[in-house]
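**Q**
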Amino acid sequence: MVKIVAANVEVETIPDGGHFLPEEKPDAVIRQVLAMAASTRNQRSALQRRSQ
Numbered sequence: 918m919v920k921i922v923a924a925n926v927e928v929e930t931i932p933d934g935g936h937f938l939p940e941e942k943p944d945a946v947i948r949q950v951l952a953m954a955a956s957t958r959n960q961r962s963a964l965q966r967r968s969q
């Protein structure tokens, strides 16, 4: 369903997670957010290199 409104979608699961992951599994959430941010930064850098 998400791919209907977004072209670049990745799904990650956090084992034993409930309804409020930042409170229940903060370390796992932070790892996922940092990985997503790094991926976005790498994609942006590649686009900037191509446009030069």
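Going letter by letter, the sequence shown gives residues 918 to 969 in this note's numbering.
Ideal Cβ placement from N, Cα and C applies to all residues, glycine included.
Small disclaimer: the values here were computed from a predicted structure and weren't measured.
Once DSSP output is grouped into helix, strand and coil, what is the label at Pro932?
**A** On the sequence shown, residue 932 is found 15 positions in, with the first residue counted as 1. In the three-state reduction of the DSSP assignment, Pro932 falls in the coil class.
**Q** Could you spell out the range, first to last residue, of the alpha helix (DSSP H) harbouring His940?
**A** As a first step, residue 940 is located in the sequence shown; it is residue number 23 there, counting from the start. At residue 940 the sequence reads Glu, which differs from the His that was named. From DSSP, the alpha helix (DSSP H) with Glu940 extends over 938 to 941.
**Q** Can you tell me whether Val946 is helix, strand or coil according to DSSP?
**A** For the purposes of this step, residue 946 is taken as residue 29 along the sequence shown, with counting starting at 1. Looking at Val946 - three-state DSSP - the assignment turns out to be helix.
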